[in-house]
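End of the sequence shown sits at 1721 in the numbering used here; the numbers just go up one at a time, nothing left out.
Yeah, the Cβ is synthetic: ideal placement off N, Cα and C, and Gly gets one too.
See below for the structure under consideration.
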Amino acid sequence: MNYKQTAKEIVAALGGKENISLLNHCSTRLRITLNDDDKADSAKLEKIDGVLGVRKNVQYQIIIGNDVVEVYQEVNNIIGNISNEDVQEKTTQKRSIGSTILDFIIAVFQPLVPAIAGGGVLKSILLLLAAIGVMDDGSSTYQILDNVGTAPLYFLPMLVAVTSANKLKVNPLVAISAVGALLLPTMNELIAGNASFLSINIQEIDYSSQVFPAILTVLFYALMEKGFNKITPKSIRVFFVPMMSLLLTVPISLVILGPLGYNFGTLFSSAIIWLYSNFGWVATGVLAGILPFMVVTGMHKAMIPYAISSMSSLGKESLYMPASLAHNIAESGACFAVALKTKDQRLRPTAISAGISALFGITEPALYGVTILHKKVLYSVIIASLIGGSFSGVMVLEAFAVVGPGLASITMFINPQNAMNIVWAFVAFGISFVAAFVSAIILYKDEVSDEEKDEGEATVIDETKDVILESPVKGEVLPLTNINDEVFSSGLVGDGIAVEPTEGKLTAPVSGKITMIFETNHALGLKTDNGAELLLHIGVDTVKMEGEGFQSYVQQGDHVEQGQQLITFDIDQIKNNGFEATVICVVTNNNFEVRPSVNQGNVSFDDQLLTVSQLG
């Protein structure tokens, strides 16, 4: 993948860098908030090389897969540093309250996951090492490493302060200071001694690991900063605004906002515990079963606040993580079954790669590359997720880290007080994988394309047959590397050859079906009898001529014979407009081998140009 080109096309399809107000990414997707969603072209985004799919919920979610970090970096290079002034609520569209809240939740909690996951998995590995006798849990080395894993969760309020301030476009360092005041050891000692502020008693609360008090504190701070910025003279703004904002925010947080957020978090966790206590394994099974739809739409991110809150208050989580384990491994099992059963040479490597990713807790490649494209696979994943999730619920499986459950992170289920917890996690792992694999083996069948099912299609595709392509034009043969177009010369579109024409006539290099013809008549697609898909492209950037000088003699769906006239074009008019008239012929599906019959010299219409063979 050409990361720079992919990033450039993504930014253009989103309406330009000026339309992007927020950019971040998760393990497989770019997550982008736009100033005006109407300026984005979803159809164009989906056609970009390297983009697996596009989902629009509150944010634009552009699915990239394992290359997401590289594409994110290139997009970020194009956009540059977005200052507060650049993105100060320029959005012209109106959003519902629900969409606004969900957008805020994603922006605040999504960036927290790597730190919390890293610390949680480190602690679970330490527990494993202690359990098998490799490390002494009483040693200073163990304690130091354990504190390293504890730090992200302990200082969670300050991490939340950063992400909340970034979302609200206020000074993150002052926001950290406001929230940090609640964590000061001296402040905790003072509160523990029945402190009061202006004769108002302060509730004794340990704010470490708490998220909701920090969010409310930063929300209030944001109001103070923006309010004081409007009324404060610029000459004293640098110190006066943060001083006044802190002066008002911290006491009000201690008296009102902190207790309010703490009690809300307690109530929130209690509600989930009530749900689990009353519905038990059914809740875990149902959640696992609907996770494919939640992940596709991005709604699973709404579960992160609960998971983090549960982990911070209870030190464990017994609903979302166990359900995710069942779903993730079910995706893996289904993908490996598809890879084993399919005869599609393009689907098999995709399924294998996606299966491996899902095995390690990353399901988007499986979902977008396999599951949602084949309904029988989706049924298999749902069935297996229900079974695996229900088993996890029956066994009351508990997770001790917030991270995508998978083979590498399975230690997140280690419980020093219950040695069987990790055993049941492995059993749930196995049940989910086997159930999905067996279901997919039984249910999945390769789907026949509409073109192949077309009763009017007389040609039977013989994938084992070599196809000889004759030259579509008269002229001089050129290698693709000589083309003054990076997309073609780099081989991104496909392998093939080019001809510098001496006559403005394009003919069919082989018998086949016209699958596509551009409105401007400067390019068309042709599917051969052995399934190879050709792109015949006249000139470089000639699309800008808007069809002038081009005349087509075929339509989409026509079956053409080798040597049949397809398009005529005016070479002089192309060159007079400042464009090159080179005719490019490439095979766009990558499961074919393309061998040039000639590498240089002049060719005519009946001269052999390429041999195209099915791989494997």
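Residue burial annotation: residue 1170 is buried, with at least 16 other C-beta atoms found within 10 angstroms of its C-beta. Under the three-state reduction of DSSP, residue 1618 is assigned to strand. Excluding five sequence positions before and after residue 1180, the CB atoms of its chain that fall closer than 7 Å to its own CB belong to 1112, 1115, 1116, 1128 and 1135, given in chain order. Contact annotation, residue 1655 with residue 1627: C-beta distance approximately 5 Å; criterion of less than 8 Å satisfied. A distance of 7 Å or more separates the beta carbons of residue 1437 and residue 1510. Here DSSP, grouped into helix, strand and coil, assigns residue 1172 to coil. Collapsing the DSSP output to three states places residue 1577 in coil. Distances from the alpha-carbon of residue 1443 to those of 1456, 1433 and 1431 put 1456 closest. Closest option to residue 1322, judged by alpha-carbon separation, among 1480, 1489 and 1263: 1263. Sequence-distant partners of residue 1471 (beyond 5 residues in either direction) whose C-beta falls short of 6 Å from its own C-beta, in its chain, are 1436, 1440, 1459 and 1463.
In the DSSP annotation of this structure, the continuous segment of the alpha helix (DSSP H) that includes residue 1496 starts and ends at 1480–1499. Of the candidates 1324, 1393, 1345 and 1315, 1315 places its Cα closest to the Cα of residue 1410. Restricting attention to alpha helix (DSSP H) runs no shorter than 4 residues, the stretch 1250–1300 encloses them at 1261–1273, 1277–1288 and 1290–1297, ordered along the chain.
The alpha carbon of residue 1618 has as its nearest neighbour, out of 1416, 1610, 1632 and 1286, the alpha carbon of 1632. For residue 1453, the enclosing alpha helix (DSSP H) starts and ends at 1452–1464.
Leaving aside the five residues that flank residue 1720 on each side, the residues in its chain whose CB is nearer than 8 Å to its CB run, in chain order, 1450, 1696, 1697 and 1698. DSSP places residue 1351 in no beta strand (DSSP E) but in the uninterrupted alpha helix (DSSP H) bounded by 1342–1357.
With respect to the C-alpha of residue 1551, the residue from 1517, 1600 and 1476 having the closest C-alpha is 1476.
Here residue 1129 is bridged, per DSSP, to 1136. Judged by DSSP in its simplified three-state form, residue 1516 adopts helix. The C-alpha of residue 1639 is placed about 57 Å away from the C-alpha of residue 1260. When DSSP states are grouped into helix, strand and coil, residue 1476 belongs to the helix group. In this structure, residue 1287 and residue 1318 form a Cβ contact; the two beta carbons are roughly 7 Å apart against a cut-off of 8 Å. Under the 8 Å Cβ criterion, the stretch 1391–1402 does not count as touching the stretch 1338–1346, having fewer than three qualifying pairs.
Beyond the five residues adjoining it in sequence on each side, residue 1311 comes within less than 8 Å, by CB distance, of 1293 in the same chain, given in chain order. Under the DSSP assignment, residue 1521 falls outside any beta strand (DSSP E); it carries neither an H nor an E label. Look at residue 1317 here: in three-state DSSP terms it is helix.
Secondary structure at residue 1703: coil, using DSSP grouped into helix, strand and coil.
Within the stretch 1659–1688, the complete alpha helix (DSSP H) segments at least 4 residues long are 1676–1681, listed from N- to C-terminus.
Rounded to the nearest angstrom, the gap between the Cα atoms of residue 1693 and residue 1539 is 36 Å. Looking from the CA of residue 1686, the closest CA among 1481, 1614 and 1642 belongs to 1642. Rounded to the nearest whole angstrom, the C-alpha separation of residue 1246 and residue 1412 is 29 Å. Assigned with DSSP and collapsed to three states, residue 1645 falls in strand. According to the DSSP secondary-structure assignment, residue 1306 is paired through a beta bridge with 1301. Between the stretch 1295–1307 and the stretch 1268–1286 there are fewer than three inter-stretch CB-CB distances shorter than 8 Å, so the stretches are not counted as touching. With 16 or more other Cβ atoms inside 10 Å of its own Cβ, residue 1118 counts as buried.
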